[in-house]
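Same order as they appear, the protein sequences are chains E and D.
Read in the UniProt record's numbering, the first sequence has 290 at position 290, and its numbers run on one by one without any break.
Read in the UniProt record's numbering, the second sequence has 187 at position 187, and its numbers run on one by one without any break.
Below: the structure, in structure tokens.
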Amino acid sequence: MSDQLDQMIARVRKGAMTRREFVGRTTAMGISAGLAGALFTKAAHAEEAKKGGIIRVGMQGGESTNSLDPALAASEVPFQVNMTWGEMLVDVNPDGSIDHRIAEEISSSPDATEWKFKIRAGVEFHDGKTVTADDVVATLKRHTDEKAQSGALGIVQGITDMKAEGDMVTLKLNAANADLPYLMADYHLMIQPGGGVDNPAAGIGAGPYKVVVNEPGVRHTFVKHANYFDSTIGHADEIEILVINDNTARTAALQSGQVHMINRVDPKIVELLKGVPGIQIRSAAGRGHYVFIMHVDKAPFDNNDLRMALKLAINRQEQVDKILGGLGKPGNDFPINAAYPLFDETIPQREYDAAAAAEFYKKSGHDGSPIILATAPGAFPGAVDAANLFAASAKAAGIPLEVKLEPDDGYWSNVWNVAPFCASYWGGRPVQDQMYSTAYLSTAEWNDTKFKNAKFDELLLAARGELDAAKRKGQYSEMAHILRDEGGLILPMFNDFVSGVSEAVGGWVDDPNGELMNGRAQVRCWLNA
Amino acid sequence: MHPVLKLVVQRVALGLLLLLAVSAVIFLGVEALPGDTAQAILGQQATPEALANLREQMGLDQPALTRYFQWLGGVVQGDLGTALTNKADIAQSIGQRLGNTLFLAGCAAAISVPLAILLGLIAARYAGRWPDKLISGVTLTTISLPEFVAAYFVIFLLTQVFPIFQPVAMVFPGMSFWAKLHAVALPVIVLVLVVLAHMMRMTRAAILNVMQSAYIETAELKGLTPMQVVWRHAFPNAIAPVVSVVMLNLAYLVVGVVVVEVVFGYNALGQYLVDHVTKRDVPVVQAVGLIFAAVYIFLNMAADVIAIVANPRLRHPK
């Protein structure tokens, strides 16, 4: 037994086993849960962070059109780059709790319409200036300006008044929002000196590393910010992020030791890589998901029976197995999963049911003309295969689903939001409110299923200001049911973040919030030389 | 005026006119693509309001003709403008990447051109016999492989099986010349494999063609060795077709290697161009397109001039 235990402890040290897994397996061996928990903590902390060295990251998702302006970040490499030099008010921990960064303390009025953020003393920007409440307010103000083209505009729009007094930032909202701290963890909201108004792309922030080289689409290098306020992260002396968009080259770079970690390991080769010495494959169940979206206001998708027929006609487990190589979870036609706080696990999983689908299809009275599903290779990885699998499983239910292949180029302008039925994807959001408000509220700007439901809207707004967690959970559950049974969303799968990590890397934690430890792998990990 | 000089001047003037036409065609082409820069940038996040804002900010609300002439005016004064997407100075971004493109093309050419000509001479000398068949067989096999297959093959062989080189071939300022050479070794190998056969076969064919002439028989009869005959008498008369195919391949090495750049993560012009086409970043596409067109026109002109200089009959027209 002790051999087994030693092995497990070794795996915990490598970060290859989660607390839940460890406690589950050790209690199965007859160890009390309390002792198991203590053992885990000891094992996890036994490995001490090593300082120094250069951590190299090979990444897909960088273009020569990228900018250091955090407002404009939209793909993986700018996200990772900004997380290296930038610091936000707060971040989100892997367990979903708030990680206080520049904001040391957060408090709200009882009705959740006014929030106070206490700014940590002695946090320093790379240019030597101290981070003040004024910088924070100036940053948020810049993102409210439409000219800044900020990806966080929708988040900061609800703030009606911002005030800096001493070390305190006060934000007044136009409506109650219990999730405001999570909204401030949006990756666009890097605090910049003077708000970054003069030169938003200067790359000067309060993060653990300073920008040295910024060659968009090629490489980004950083050195340690000596006066960084948190000594528990930022172990390497230097960071290098290389843009390697080609899957094969990226994998080869990891195998040959040219980089220490890579994102987006192709699910098709995961099994092959598992046998390769010196590297490990880390898969983190996240909130991102692949979807087929129907416009509920356009024929024939304005017919809920037809929508239900299509929802029942997709084989979710098959999609997870074949498109994600098993690295993901079946979806349930609403965009929330267990990675979100306040998720209701009792909602039944929708399964493939050709007979029921055929029945709904008959009931819908559809005239039998082909139902066109538009897709493109770039809609999501494997989108064409997924659409064809869908068409095949729908055919078994007698539904004439036809796949229309569109080019990648221009897909997001000519097909998505235009064609009434198409493939798409969503990255997750840290909290349910944000996900629903972004795409399922009647007035949401990115309501890509054109879903408008008064009851749903009402619940969403009520839940937003609800500070009682149990009540809020009930509201979210009701919303999930509405969307699942009436919405235009077919959500076959939640995709995992699959990364390749060298065994030389210590401190890795699987983080559901985003790729490569939510953009922080390079600053939180260290190299065991 | 010397006829060759006159020809060069004529060609240069024609080339400039051609460039102007090319710039108009590129502009029209990018305009005709569905969606514009604002839409491409916002992508899945495009709302009508955000689109209008961004278009106004980038000056996309102006008529196409106005934008074209504004751009042309800038170029004539040496100002390529800034990228619409990330506001980077285009001339500066292109400068370094053009250097990298030329470095890669130069390395590949330095190996492939002499090698192809040498192999072509050998193949012609032993036409129909085993050295000819071996050379033709191997080079035709490598040219038949798609570039990315060849690339994956050398990555597998030279970084995994024999870990000599690195799969990612980025070069940047501050690297020593030798470090740069080491970094680009794999893409250079791939490019040599890809361009070798074309030039080799052309050299072989051109020489075999000349070998039918009466003066070759004379040379043989006066007792020269076969290799001397090929080198001294056949090759000089086969230069024109060889040069034109060499120039075509050089042009390809400069403008056509985007697949190889992507596979090896090499930071040169091809990838830069593709990124900006995807984002409909017209000023950048224009600038790079113009450079590529200039390279093509210049190399073709050079081929013509060399062919004339190499041919006494054209050099001294009656």
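C-beta atoms are modelled at their ideal positions from N, C-alpha and C, and glycine is treated no differently.
Computed from a prediction, not measured in an experiment: that's the story for all the values here.
Proximity winner among the options, relative to residue i (alpha-carbon distances)
{"i": "residue 453(E)", "options": "429(E), 477(E), 483(E), 430(E)", "result": "483(E)"}
{"i": "residue 442(E)", "options": "345(E), 526(E), 451(E)", "result": "451(E)"}
{"i": "residue 224(E)", "options": "218(E), 479(E), 240(E), 108(E)", "result": "240(E)"}
{"i": "residue 196(D)", "options": "152(D), 249(D), 255(D)", "result": "249(D)"}
{"i": "residue 273(D)", "options": "188(D), 285(D), 292(D)", "result": "285(D)"}
{"i": "residue 186(E)", "options": "152(E), 290(E), 275(E), 510(E)", "result": "152(E)"}
{"i": "residue 213(D)", "options": "277(D), 194(D), 233(D)", "result": "233(D)"}
{"i": "residue 138(D)", "options": "193(D), 11(D), 218(D), 152(D)", "result": "193(D)"}
{"i": "residue 228(E)", "options": "396(E), 486(E), 209(E)", "result": "209(E)"}
{"i": "residue 248(E)", "options": "116(D), 255(D), 294(D), 262(D)", "result": "262(D)"}
Three-state secondary structure (DSSP) of residue i
{"i": "residue 1(E)", "result": "Confidence is the limiting factor: at residue 1(E) the pLDDT is only 48, short of 50, which leaves the residue's position unreliable, though a coordinate-based value still follows. In this structure, residue 1(E) counts as coil in the three-state DSSP scheme."}
{"i": "residue 268(E)", "result": "helix"}
{"i": "residue 90(E)", "result": "strand"}
{"i": "residue 76(E)", "result": "helix"}
{"i": "residue 20(D)", "result": "helix"}
{"i": "residue 175(D)", "result": "coil"}
{"i": "residue 102(E)", "result": "coil"}
{"i": "residue 316(D)", "result": "coil"}
{"i": "residue 158(D)", "result": "helix"}
{"i": "residue 232(D)", "result": "helix"}
{"i": "residue 423(E)", "result": "strand"}
{"i": "residue 63(E)", "result": "coil"}
{"i": "residue 346(E)", "result": "coil"}
{"i": "residue 258(D)", "result": "helix"}
{"i": "residue 292(E)", "result": "strand"}
{"i": "residue 416(E)", "result": "coil"}
{"i": "residue 35(D)", "result": "coil"}
{"i": "residue 526(E)", "result": "strand"}
{"i": "residue 486(E)", "result": "helix"}
{"i": "residue 124(E)", "result": "strand"}
{"i": "residue 130(E)", "result": "strand"}
{"i": "residue 96(E)", "result": "coil"}
{"i": "residue 137(D)", "result": "helix"}
{"i": "residue 506(E)", "result": "strand"}
{"i": "residue 131(D)", "result": "helix"}
{"i": "residue 7(D)", "result": "helix"}
{"i": "residue 520(E)", "result": "coil"}
Residue environment, residue i, which counts as buried when at least 16 other CB atoms sit within 10 Å
{"i": "residue 382(E)", "result": "buried"}
{"i": "residue 282(D)", "result": "buried"}
{"i": "residue 78(E)", "result": "buried"}
{"i": "residue 449(E)", "result": "buried"}
{"i": "residue 2(D)", "result": "exposed"}
{"i": "residue 323(E)", "result": "buried"}
{"i": "residue 323(D)", "result": "Here chain D covers residues 1 to 318 and nothing more, so residue 323(D) does not appear."}
{"i": "residue 260(E)", "result": "buried"}
{"i": "residue 143(E)", "result": "buried"}
Inter-residue CB distance, residue i and residue j (contact presumed, cutoff 8 Å)
{"i": "residue 100(E)", "j": "residue 150(E)", "result": "Rounded, the Cβ-Cβ distance is 23 Å, inconsistent with contact."}
{"i": "residue 327(D)", "j": "residue 297(D)", "result": "Only positions 1 to 318 of chain D appear in this structure, which leaves residue 327(D) out of reach."}
{"i": "residue 133(E)", "j": "residue 166(E)", "result": "7 Å"}
{"i": "residue 104(D)", "j": "residue 184(D)", "result": "6 Å"}
{"i": "residue 199(D)", "j": "residue 112(D)", "result": "7 Å"}
{"i": "residue 102(E)", "j": "residue 123(E)", "result": "6 Å"}
{"i": "residue 50(E)", "j": "residue 426(E)", "result": "Actually they do not touch by this definition, with Cβ atoms about 37 Å apart."}
{"i": "residue 127(E)", "j": "residue 204(E)", "result": "5 Å"}
Sheet register partners of residue i (DSSP bridge)
{"i": "residue 242(E)", "result": "58(E), 219(E)"}
{"i": "residue 533(E)", "result": "The structure shown does not extend to residue 533(E), since chain E spans only 1 to 529, so no value can be given for it."}
{"i": "residue 280(E)", "result": "501(E)"}
{"i": "residue 161(E)", "result": "172(E)"}
{"i": "residue 209(E)", "result": "224(E)"}
{"i": "residue 550(E)", "result": "Here chain E covers residues 1 to 529 and nothing more, so residue 550(E) does not appear."}
{"i": "residue 285(E)", "result": "496(E)"}
{"i": "residue 214(E)", "result": "220(E)"}
{"i": "residue 82(D)", "result": "89(D)"}
{"i": "residue 108(E)", "result": "115(E)"}
{"i": "residue 301(E)", "result": "According to DSSP, residue 301(E) bridges with nothing at all."}
{"i": "residue 262(E)", "result": "58(E), 500(E)"}
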